[in-house]
Structure formats: C-alpha cells, structure tokens
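Counting with the working numbering, you get residues -1 to 119 for the letters of the sequence shown. In this text, a Cβ means the ideal position worked out from N, Cα and C, and glycines have one as well. Note that the coordinates shown come from a computational prediction; the quantities given were computed from them, not determined experimentally. Written out below as structure tokens is the structure these notes cover.
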Amino acid sequence: MRLLENLVALIKVQPPFSDEFPAEEDASFVENITLLTQQHGETNFLADGQQLICKIVASYPHLMPVLPRDLLWFFGGDCLHYMPDEEIQKFQQLDERRQEAIENDAVFNYEDERARIFSLH
C-alpha cells in the first residue's frame, strides 16, 4: 500500500494537519488514515478506506491534487462516484490485464501497464 502511505505523508505536511494545534476533527482524520496504512487485509479495511477517501473529497478538497486516482479505484464503492466512466473503464482494463498475466504466469508491472493504458508513455 505504498500509494496510501505516500498519501498519508503528503497529508501530514498540508494545512490544517501541519498546524501546530490542528482541530480535533482534523487530528482524528490524520490518525485514522495513518492507522489505515497498518490495517491492510483486516475485515474493515476497504470500508474504512472508502469512508476516509470520501472524507477527503467532501471535507478536504485541497488534498485532491495529491490523492492518487488509483486509490479511488482500489477502495471502490462510493469512491467510484468521483471518477468519470472513461477512467473507470481504463482501470477495469488494467485489472483485466493483471488477471490475464496471473492466469498465464506472466510478469505484470502495474506501473508500466498503467502508463500504457492511460497513454502516459
């Protein structure tokens, strides 16, 4: 969950979280999203992740530029409401290619394949 860990690191240096005395709600958000990085694989991981990512969209829109779109896709559910259909289709294609690689015992590089699908190369 490198993307999530990187997001948390970026959040911590952004206002209001970087303030000397952040509001209780802001401090609680940072604590909860930090805990999420340690809960991968636990029962409520995806539901908690959806809730926290949606909170970014609703309460901290200034963080949207540092929120990797991959996390919206990964957590799914309500997070998908913040993605256009064409972006969802590209992530579906990425998942299909990863599944094909698994079925064929082929090497799959997420970053390279994502760059191809999203025309980043």
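If you check the CB distance, V105 and A99 come in under 8 angstroms.
Around the Cβ of F19, a 10 Å sphere holds fewer than 16 other Cβ atoms; the residue is exposed.
In the same chain as M62, and ignoring 5 residues on each side of it, the C-beta atoms closer than 8 angstroms to its own belong to I54, V55, in chain order. Taking each of N42, T32, F43, Y58 in turn and checking the Cα distance to P13, the smallest one comes out for Y58.
In this structure, the alpha-carbon of K88 lies about 7 angstroms from that of F116. Ranking N107, A25, D68 by CA distance to the CA of Q48 puts D68 first.
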